[in-house]
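First to last, the protein sequences are chains D and S. For the first sequence, position 163 matches number 172 in the working numbering, and the numbering has no gaps at all. For the second sequence, position 94 matches number 219 in the working numbering, and the numbering has no gaps at all. Glycine included, each C-beta is placed from N, C-alpha and C at the ideal position. For reference, the structure discussed in these notes is given below.
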Amino acid sequence: MVKIKMPKVQEALAVTPALPPERAAPSPAEGVPPSDFVIRIRNLNLWYDGTPALHDVTLDLPRCKVTAFIGPSGCGKSTLLRCLNRLNDLIDGVRMSGSIHVSGQDIYDPFVDVTELRKRVGMVFQKSNPFPKSIFENVAYGPRIHGVRNRSDLDAIVQKSLERAGLWNEAKDRLNRNALELSGGQQQRLCIARALAVDPEILLMDEPCSALDPVSTAHIEELFFDLKTRYTIVLVTHNMQQAARASDRTAFLLQGRLVEVGSTRDMFTNPRKSETQDYITGRFG
Amino acid sequence: MKKLFRSGEPFIWLTGGALGGSLIMILGLILLIAVNGLGFFWPSDVALLTLADGSKAMGQIWNREAIPTPGEAERSVEHRLQIHVGNRELYGQDFRWIDEARIERREWPEQTVLLERREWGSFYGFIREVRTEGRAVAQGSSDEAWNAMLPLLDRARALWNEVRALEKGPMGEIYRRQERNRLAVRRVRLRHGSEEEIQRLLKESEAWGDKYRRVSEEIGRLRSEMNRSAVILETAQGETKEIPLSMIVRAIRPNALGVLGKCRVYAQRLWEFASGDPRESNTEGGIFPAIFGTVMMVFIMTLAVVPLGVLAALYLREYAKQGLLVRIVRIAVNNLAGVPSIVFGVFGLGFFIYLIGGSIDRLFFPEALPTPTYGTGGILWASLTLALLTVPVVIVATEEGLAAVPAELRQGSLALGATKFETLRRIVLPSATPGILTGMILAMARAAGEVAPLMITGVVKLAPTLPVDGTFPYLHLERKFMHLGFHIYDVGFQSPNVEAARPMVYATTLLLLVIVVGLNLAAIGLRNRLRRKYHSTAF
Numbered sequence: 010m011v012k013i014k015m016p017k018v019q020e021a022l023a024v025t026p027a028l029p030p031e032r033a034a035p036s037p038a039e040g041v042p043p044s045d046f047v048i049r050i051r052n053l054n055l056w057y058d059g060t061p062a063l064h065d066v067t068l069d070l071p072r073c074k075v076t077a078f079i080g081p082s083g084c085g086k087s088t089l090l091r092c093l094n095r096l097n098d099l100i101d102g103v104r105m106s107g108s109i110h111v112s113g114q115d116i117y118d119p120f121v122d123v124t125e126l127r128k129r130v131g132m133v134f135q136k137s138n139p140f141p142k143s144i145f146e147n148v149a150y151g152p153r154i155h156g157v158r159n160r161s162d163l164d165a166i167v168q169k170s171l172e173r174a175g176l177w178n179e180a181k182d183r184l185n186r187n188a189l190e191l192s193g194g195q196q197q198r199l200c201i202a203r204a205l206a207v208d209p210e211i212l213l214m215d216e217p218c219s220a221l222d223p224v225s226t227a228h229i230e231e232l233f234f235d236l237k238t239r240y241t242i243v244l245v246t247h248n249m250q251q252a253a254r255a256s257d258r259t260a261f262l263l264q265g266r267l268v269e270v271g272s273t274r275d276m277f278t279n280p281r282k283s284e285t286q287d288y289i290t291g292r293f294g
Numbered sequence: 126m127k128k129l130f131r132s133g134e135p136f137i138w139l140t141g142g143a144l145g146g147s148l149i150m151i152l153g154l155i156l157l158i159a160v161n162g163l164g165f166f167w168p169s170d171v172a173l174l175t176l177a178d179g180s181k182a183m184g185q186i187w188n189r190e191a192i193p194t195p196g197e198a199e200r201s202v203e204h205r206l207q208i209h210v211g212n213r214e215l216y217g218q219d220f221r222w223i224d225e226a227r228i229e230r231r232e233w234p235e236q237t238v239l240l241e242r243r244e245w246g247s248f249y250g251f252i253r254e255v256r257t258e259g260r261a262v263a264q265g266s267s268d269e270a271w272n273a274m275l276p277l278l279d280r281a282r283a284l285w286n287e288v289r290a291l292e293k294g295p296m297g298e299i300y301r302r303q304e305r306n307r308l309a310v311r312r313v314r315l316r317h318g319s320e321e322e323i324q325r326l327l328k329e330s331e332a333w334g335d336k337y338r339r340v341s342e343e344i345g346r347l348r349s350e351m352n353r354s355a356v357i358l359e360t361a362q363g364e365t366k367e368i369p370l371s372m373i374v375r376a377i378r379p380n381a382l383g384v385l386g387k388c389r390v391y392a393q394r395l396w397e398f399a400s401g402d403p404r405e406s407n408t409e410g411g412i413f414p415a416i417f418g419t420v421m422m423v424f425i426m427t428l429a430v431v432p433l434g435v436l437a438a439l440y441l442r443e444y445a446k447q448g449l450l451v452r453i454v455r456i457a458v459n460n461l462a463g464v465p466s467i468v469f470g471v472f473g474l475g476f477f478i479y480l481i482g483g484s485i486d487r488l489f490f491p492e493a494l495p496t497p498t499y500g501t502g503g504i505l506w507a508s509l510t511l512a513l514l515t516v517p518v519v520i521v522a523t524e525e526g527l528a529a530v531p532a533e534l535r536q537g538s539l540a541l542g543a544t545k546f547e548t549l550r551r552i553v554l555p556s557a558t559p560g561i562l563t564g565m566i567l568a569m570a571r572a573a574g575e576v577a578p579l580m581i582t583g584v585v586k587l588a589p590t591l592p593v594d595g596t597f598p599y600l601h602l603e604r605k606f607m608h609l610g611f612h613i614y615d616v617g618f619q620s621p622n623v624e625a626a627r628p629m630v631y632a633t634t635l636l637l638l639v640i641v642v643g644l645n646l647a648a649i650g651l652r653n654r655l656r657r658k659y660h661s662t663a664f
């Protein structure tokens with residue numbers, strides 16, 4: 010059992026290497042064998058102040074696919090997601106056991122550089138949270154933090170990230186305007202662009218569309234198809250249709266346990282467990 | 126009845142009434158101060174009163190009140206007038222109370238002259254003679270004499286200003302150089318330095334001494350020139366008095382002035398009040414040094430308190446492990462804001478002045494001892510004492526500002542791989558800036574109005590020099606300074622001439638209010654600009 014505490018000294022000493030302006034995509038986009046799992050979770054248990062939140066979760070997530078976590082509120086899917094970039098470290102009284110490997114590295118190893126991990130594992134939150142800065146500064150925030158100073162490099166990163174997040178055409182003429190002037194859907198795409206700007210391998214999406222209207226939601230779901238050619242996406246959603254539409258694999262969690270995981274098509278057409286059947290047909294949750 | 130109570134209607138009246146009452150009280154306060162303070166500068170007409178016994182009195186009517194008759198309270202119909210008769214050296218006091226019943230006749234003669242003098246206060250009278258270089262230029266109280274006096278008066282005033290400029294500029298410089306040299310000699314002696322060095326310094330001092338003689342000769346010449354002209358005035362009761370024109374600040378004939386002319390005099394007097402130096406133990410003249418001292422002290426205080434308070438709040442809110450100890454510290458900090466301010470003054474005296482200032486003196490200014498340099502009250506120690514007094518306000522406001530920064534913003538930054546420090550510096554602090562500035566505004570408002578701790582940490586009744594001037598090192602943080610709040614207390618309660626000084630008290634109070642409001646408005650304007658910039662936080 011590992012007791013997790015924020016390694017403060019280590020964080021303060023963390024030397025983040027400068028981000029190369031153009032890094033090759035983590036893997037070739039097409040033809041990934043499904044056995045190429047980028048995240049491996051083994052026997053993960055987690056307690057908040059002694060209250061169990063995750064129970065013995067073992068799960069592998071494939072590279073360059075969209076994996077959806079579904080389940081009723083409080084089932085632990087967001088907690089599981091936040092374990093992947095160690096954002097749970099911020100909460101006092103969290104205790105966990107088990108292991109998570111990202112690209113072969115144990116991310117809970119005491120010598121792991123948390124900032125480096127979070128750079129590799131980007132996150133988009135339920136509520137869009139652009140910084141109260143200009144659109145440009147929002148996207149450039151991550152690269153700046155990681156040492157990019159050159160203005161033309163930053164310009165290139167910002168443009169590329171906004172393009173990938175499908176926001177470039179709407180935002181290119183007002184990069185210096187405050188990001189809070191954007192609409193809700195645009196703000197969420199800005200947050201995606203901001204996460205992409207540090208060139209992550211994995212994107213964690215914590216109910217990214219729950220506060221958006223259907224049009225904006227469709228817009229972001231379309232994005233997943235583009236993004237998954239480069240990034241591994243983990244999507245937490247409450248919306249069955251969204252999981253069915255946008256994900257390749259689905260994991261169903263219930264009360265902190267992983268009930269079932271499999272390809273989305275199988276799961277929605279032919280679930281193996283009765284709880285899954287009940288949940289996706291809307292009998293509870 | 127019960128239904129009415131349940132409907133909440135009376136509660137609305139109660140709340141509205143409470144608000145209205147507070148507003149009326151504040152408005153009344155401002156109105157009272159404004160009327161009393163601003164009326165002081167108006168050159169009202171001068172009345173010449175002939176009394177029943179044949180004697181005469183002349184002056185401005187300042188007040189009229191019912192004469193209280195013992196046993197017949199509130200029924201009095203008799204009134205009396207408070208006359209500002211001036212001519213202090215003749216009558217011994219500035220005011221006379223005269224019963225209206227005793228007044229036979231009231232006149233408003235146009236020739237009445239009101240002189241505001243550098244010493245002895247105002248003088249009311251009629252011109253008898255204007256003389257320069259011992260011979261009369263004009264006689265009588267006619268317009269001719271008045272017009273003959275004006276150019277001479279301008280000349281005398283110009284000379285007086287010249288003398289003052291010499292005294293403040295070159296003369297002050299010489300004094301300071303000589304004092305510095307004297308101290309340098311002592312320093313060399315204390316260190317058993319070379320005799321040559323001492324000789325060199327002494328020679329330098331001598332050179333300054335020569336310069337001193339030249340300047341003082343020049344001043345003497347100017348003085349004798351400016352004392353050549355004088356005016357002889359006759360009072361209402363027939364005494365005559367010769368007044369050198371150089372002693373006159375302003376001469377007006379209030380009764381001959383139209384409304385426009387009076388307005389001009391009013392503006393002049395108001396300007397003099399705001400920009401001039403005090404005269405006659407602060408009961409006359411301006412209060413510029415006090416304004417300057419107040420504003421400068423608030424600025425130094427702000428420079429000290431904001432970084433200190435913000436850093437302390439950052440540790441308390443962001444880094445300290447929230448627990449019993451932090452809660453106790455927080456409660457203690459909040460309670461610190463309730464400690465009587467004089468306690469901070471005593472602390473400032475003991476800690477800043479005697480301990481720190483005394484140590485600085487022993488280490489860096491041993492040649493001046495036993496005369497203290499930093500080991501006595503000064504604007505720096507007063508500002509630091511007030512900073513200590515207001516630091517809880519800044520801590521509390523900053524903590525609230527930090528708490529109001531949404532957790533999503535922090536997580537967003539951390540999720541991008543930023544460290545906690547980077548998140549604080551780039552996201553949290555900018556978003557909390559409006560909260561920090563709110564704390565700064567409250568601290569400034571508190572500090573600008575505080576007097577008690579200043580009285581033992583560096584405020585004086587009359588400071589000969591401002592804490593900023595043209596001599597190296599330009600900013601003299603060890604100097605004592607004047608402060609509006611203390612000035613009000615001093616003029617109102619410590620003045621030899623309380624009655625005459627009362628309008629000054631109101632005027633000074635009004636100015637203090639204006640400055641406090643002005644400082645606050647400036648800070649609020651700054652905050653609102655920043656708030657627009659970071660309008661995601663609710664402050």
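Taking only beta-carbon atoms, is residue i less than 7 Å away from chain D?
i	result
A528(S)	no
I561(S)	no
L646(S)	no
L541(S)	yes
I377(S)	no
E547(S)	yes
L534(S)	yes
I552(S)	yes
Under three-state DSSP, which class holds residue i?
i	result
S143(D)	strand
P71(D)	strand
A202(D)	helix
Taking just the CA atoms, how far does residue j sit from residue i?
i	j	result
G40(D)	G448(S)	Note on G40(D): pLDDT 40, under 50, position unreliable in the model; the coordinate value appears next. Approximately 54 Å, taken between the alpha carbons.
L505(S)	V431(S)	16 Å
I485(S)	P295(S)	30 Å
G194(D)	L171(D)	14 Å
L206(S)	E235(S)	21 Å
G131(D)	R654(S)	33 Å
G411(S)	G401(S)	4 Å
L240(S)	T140(S)	54 Å
V593(S)	P193(S)	52 Å
A273(S)	N380(S)	19 Å
K666(S)	I137(S)	The question about residue 666(S) has no answer, for chain S in this structure spans 126 to 664.
A572(S)	L163(D)	46 Å
I456(S)	Y57(D)	29 Å
L298(S)	H155(D)	Residue 298(S) is actually Glu in this sequence, not Leu. Their backbone Cα atoms lie some 56 Å apart in a straight line.
Kindly say whether residue i, judged by its beta-carbon, lies nearer than 7 Å to any beta-carbon of chain C.
i	result
T544(S)	This model lacks chain C altogether, as its protein chains are D and S.
So, is the C-beta of residue i closer than 7 Å to a C-beta in chain S?
i	result
V167(D)	no
T88(D)	no
R127(D)	yes
G194(D)	no
Quick test of your reading: residue i and residue j, contact by CB under 8 Å. State the CB separation rounded to the nearest angstrom.
i	j	result
R198(D)	A174(D)	5 Å
S256(D)	N187(D)	Going by Cβ atoms, the distance from S256(D) to N187(D) rounds to 34 Å, so no, they are not a contact pair.
Are the segment 336-355 of chain S and the segment 254-261 of chain S touching by the rule of at least three beta carbon pairs closer than 8 Å?
yes
Any contact between the segment 104-119 of chain D and the segment 135-142 of chain D? By contact I mean 3 or more CB pairs, one from each, below 8 Å.
No, they do not touch.
Would you call the segment 548-567 of chain S and the segment 522-529 of chain S touching, i.e. three or more CB-CB distances under 8 Å?
yes
Check whether the segment 149-162 of chain S and the segment 365-376 of chain S touch, using three or more Cβ-Cβ pairs below 8 Å as the test.
Taking a contact to require three or more Cβ pairs closer than 8 Å, the segment 149-162 of chain S and the segment 365-376 of chain S do not qualify as touching.
At least three beta-carbon pairs within less than 8 Å, the segment 593-613 of chain S to the segment 495-505 of chain S
Enough Cβ pairs lie closer than 8 Å, so yes.
Please confirm if the segment 410-425 of chain S is in contact with the segment 382-402 of chain S, defined as three or more CB-CB distances below 8 Å between the two stretches.
yes
Using a Cβ distance threshold of 8 Å, determine whether the segment 411-426 of chain S contacts the segment 632-645 of chain S, with at least three qualifying pairs required.
yes
Under 8 Å, with one C-beta from each stretch per pair, do the segment 505-516 of chain S and the segment 549-557 of chain S reach the 3-pair mark?
no
Measuring CB atoms only, is the segment 530-543 of chain S touching the segment 622-638 of chain S, in the sense that at least three cross pairs come out at less than 8 Å?
no
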